[in-house]
Amino acid sequence: MKALARDILSTSLTLLVFAVVAAGLLAGTHGLTRETIEATERAARQAFISQTLPAGGFDNDLIADARPLPADTLLGLKRPGQAYLAKKAGAPVAVVLEVIAPDGYSGEIRLLVGILADGSVSGVRVTEHRETPGLGDYIDKARGDWIDQFAGKSLANPPAAAWRVRKDGGRFDYLAGATITPRAVVKAVRKALEYFAAHRDTLFATSPKETP
Amino acid sequence: MISPEAREIIVNALWRQNPGIVQLLGLCPLLAISGTVVNSLSLGLATTLVMAIASGSVSVIRNFIPQPIRIPVFILIIAALVTVVQLLMHAYVQPLYLVLGVFIPLITTNCIVLARVEAFASKQSTAHSILDATFMGLGLTAVLVALGALREVFGKGTLFSGLDLVFGPAAQDWVIHVVPDYGGFLLAILPPGAFLGLGLLIALRNWIMDIQQQRAPRLVPAGESP
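Protein chains in written order, with my numbering: chain F, 666 to 877; chain P, 250 to 475.
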């Protein structure tokens, strides 16, 4: 009986020692890499958001100047999102909105829509989607240049009736085999512009508190 | 230069007991991530690294691990190593980390890692254990890359797309378009393509083995166990 107890004790202690050593190893690595990871995450996010803005068109830290964006049907947001204000020499020049296209082929498509002060689109990027690989995923900049055609478009250009893919009589290209995906994106960008038109002043307010 | 035992280990790991097409271990990442050559190669090498360190460290301490709790200890060591690799990848090759995503932590549950630790490293010398784990990993990587190349060429008509995720934007032009203006073959990219591709690779290996066996029936050892 005593031998058994001793056996159990020594086995558990061995396991404990291994667990402590492993935990120490993890804590050490975590401590060493934490700052680098935070910095790369932040840099990657900043670089990604700035893809929707004209190169060199702003000089502020987009993430530091982020402000909450209320849940709104025009933006497709069910929960509050974020808007990133781009400034040049302290004056706001553009804003990047988080937008969700709810009617993609397989669920939501999350977008970042950059809009300049004059109400025209500076750029759009897809942040998250589940569209069919090889068919609907050309909306992703990594898979094609399709998303670039939004640059320069505004509510008046093209006119409202032409804010559709070509198949539906609009101005926007699409690739054969996948029309639901681009349709959803075009619609979401248009709605984002409508939201911008309605909330331009609050979005460009330099004090974040004035955001509704 | 190479001792007969080492030679035996290498041939065993790469061909006779290849984890991907003979032991059929670690199929979860094999099938999920093998859509392109770059993804395959990255996950394959990450797995190899974990296997080599895990087998090496288990072999060093194999005499201190009580028999009844050896499996929990092995898992603990493997999980800790995988997390370390994950943190390092997140810190220094972030784009690749995003692509491989959940499959990095899943290396822990890849049974090939535990299988080599349990079947080989817990009984053999440290040098041989590291050698075995490295080449088992490379054997798996080779199958992954073959499968990735197969699926990428048939599915997208390219090779090495996504190299820029590893080497930065400069590598964007390194993509080889094997078939220009290829329309794409969806089946090859989606998971069923992975099963079909792996089936073809296994069939190919069996066919080669058959031919060898017919030519020299006595030279091929049957029922070889690691």
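Note that the Cβ used here is the ideal one computed from N, Cα and C, for glycine as well. Source: prediction; values computed, not measured.
Residue i classed as buried or exposed, judged by whether at least 16 other C-beta atoms fall within 10 angstroms
i: Pro847 of chain F; result: buried
i: Asp737 of chain F; result: buried
i: Ile457 of chain P; result: exposed
i: Ile425 of chain P; result: exposed
i: Met300 of chain P; result: buried
i: Glu796 of chain F; result: buried
i: Ser371 of chain P; result: buried
i: Val348 of chain P; result: buried
i: Val260 of chain P; result: exposed
i: Gln462 of chain P; result: exposed
i: Pro283 of chain P; result: The question names Pro, but residue 283 of chain P in the sequence shown is Ser. Buried: at least 16 other Cβ atoms inside 10 Å.
i: Gln316 of chain P; result: exposed
i: Asn359 of chain P; result: buried
Candidates the options: closest to residue i by CA position
i: Ala255 of chain P; options: P:Leu347, P:Asp381, P:Ala303 and P:Ile460; result: P:Asp381
i: Pro278 of chain P; options: P:Leu396, P:Ala437 and P:Gln316; result: P:Leu396
i: Thr285 of chain P; options: P:Ala295, P:Ala301, P:Pro253 and P:Val402; result: P:Val402
i: Thr698 of chain F; options: P:Ser410, P:Val428 and P:Tyr341; result: P:Tyr341
i: Ala857 of chain F; options: F:Val830, F:Glu796, F:Lys752 and F:Arg775; result: F:Arg775
i: Ser675 of chain F; options: P:Leu294, P:Asn359 and P:Ile318; result: P:Ile318
i: Leu263 of chain P; options: P:Ile310, P:Pro440, P:Thr383 and P:Asn455; result: P:Thr383
i: Ala443 of chain P; options: P:Ser289, P:Ile259 and P:Leu337; result: P:Ser289
i: Phe815 of chain F; options: F:Asp802, F:Tyr839, F:Asp833 and F:Gly834; result: F:Tyr839
i: Thr488 of chain P; options: P:Cys360, P:Gly275, P:Gln335 and P:Asn312; result: Since the first residue of chain P shown is 250 and the last is 475, residue 488 of chain P is not available in this structure.
i: Asn822 of chain F; options: F:Ala754, F:Arg732 and F:Gly784; result: F:Gly784
i: Leu280 of chain P; options: P:Arg400, P:Arg365, P:Gln316 and P:Ala368; result: P:Arg400
i: Ala870 of chain F; options: F:Gly817, F:Ile804, F:Ala827 and F:Asp730; result: F:Asp730
i: Phe861 of chain F; options: F:His794, F:Val830, F:Ile812 and F:Val778; result: F:Val778
i: Glu257 of chain P; options: P:Ala465, P:Ser378, P:Gly404 and P:Ile438; result: P:Ser378
i: Leu739 of chain F; options: F:Ala863, F:Ser819 and F:His695; result: F:Ala863
i: Gly746 of chain F; options: F:Ile765, F:Val830, F:Asp866 and F:Gly769; result: F:Ile765
i: Pro719 of chain F; options: F:Ala751, F:His695 and F:Ala708; result: F:Ala751
i: Asn725 of chain F; options: F:Tyr749, F:Tyr803 and F:Glu703; result: F:Tyr749
i: Leu781 of chain F; options: F:Pro824, F:Arg865 and F:Ala709; result: F:Arg865
Coil, strand or helix - residue i by DSSP
i: Leu678 of chain F; result: helix
i: Ser291 of chain P; result: helix
i: Thr698 of chain F; result: helix
i: Gly646 of chain F; result: Here chain F comprises residues numbered 666 to 877, so residue 646 of chain F is not present and cannot be evaluated.
i: Glu773 of chain F; result: strand
i: Leu330 of chain P; result: helix
i: Leu298 of chain P; result: helix
i: Ile780 of chain F; result: strand
i: Phe323 of chain P; result: helix
i: Ile314 of chain P; result: coil
i: Ile728 of chain F; result: coil
i: Phe683 of chain F; result: helix
i: Ser306 of chain P; result: helix
i: Ile804 of chain F; result: helix
Residue interval of the alpha helix (DSSP H) (run including residue i)
i: Tyr860 of chain F; result: Ile845 to Phe869
i: Arg464 of chain P; result: Pro440 to Arg464
i: Arg829 of chain F; result: Note, Arg829 of chain F: premise wrong, no alpha helix (DSSP H); not H, not E.
i: Gly386 of chain P; result: Thr375 to Lys405
i: Ala766 of chain F; result: Element bounds for Ala766 of chain F: not the alpha helix (DSSP H) but the beta strand (DSSP E), Ala756 to Gly769.
i: Arg343 of chain P; result: The displayed chain sequence assigns Gln, not Arg, to residue 343 of chain P. Gln343 to Leu349 is the extent of the alpha helix (DSSP H) around Gln343 of chain P.
i: Ala364 of chain P; result: Cys360 to Arg365
i: Ala281 of chain P; result: Leu276 to Ile282
Contact check, residue i vs residue j, beta carbons under 9 Å
i: Ile326 of chain P; j: Thr679 of chain F; result: no
i: Ala303 of chain P; j: Val362 of chain P; result: yes
i: Gln343 of chain P; j: Thr792 of chain F; result: no
i: Leu734 of chain F; j: Leu762 of chain F; result: yes
i: Arg790 of chain F; j: Phe723 of chain F; result: no
i: Leu387 of chain P; j: Thr297 of chain P; result: yes
i: Leu330 of chain P; j: Ser306 of chain P; result: yes
i: Ala849 of chain F; j: Pro767 of chain F; result: yes
i: Gln711 of chain F; j: Gly788 of chain F; result: no
i: Pro253 of chain P; j: Met385 of chain P; result: no
i: Thr844 of chain F; j: Lys852 of chain F; result: no
First through last residue of the beta strand (DSSP E) which encompasses residue i
i: Ile259 of chain P; result: Taken as a continuous stretch (DSSP letters only), Ile259 of chain P belongs to no beta strand (DSSP E), being part of the alpha helix (DSSP H) at Pro253 to Val260.
i: Lys786 of chain F; result: Note that residue 786 of chain F is Val in the sequence shown, not Lys. Taken as a continuous stretch (DSSP letters only), the beta strand (DSSP E) holding Val786 of chain F covers Val786 to Glu793.
i: Pro733 of chain F; result: Ala731 to Leu734
i: Leu750 of chain F; result: Gly746 to Lys753
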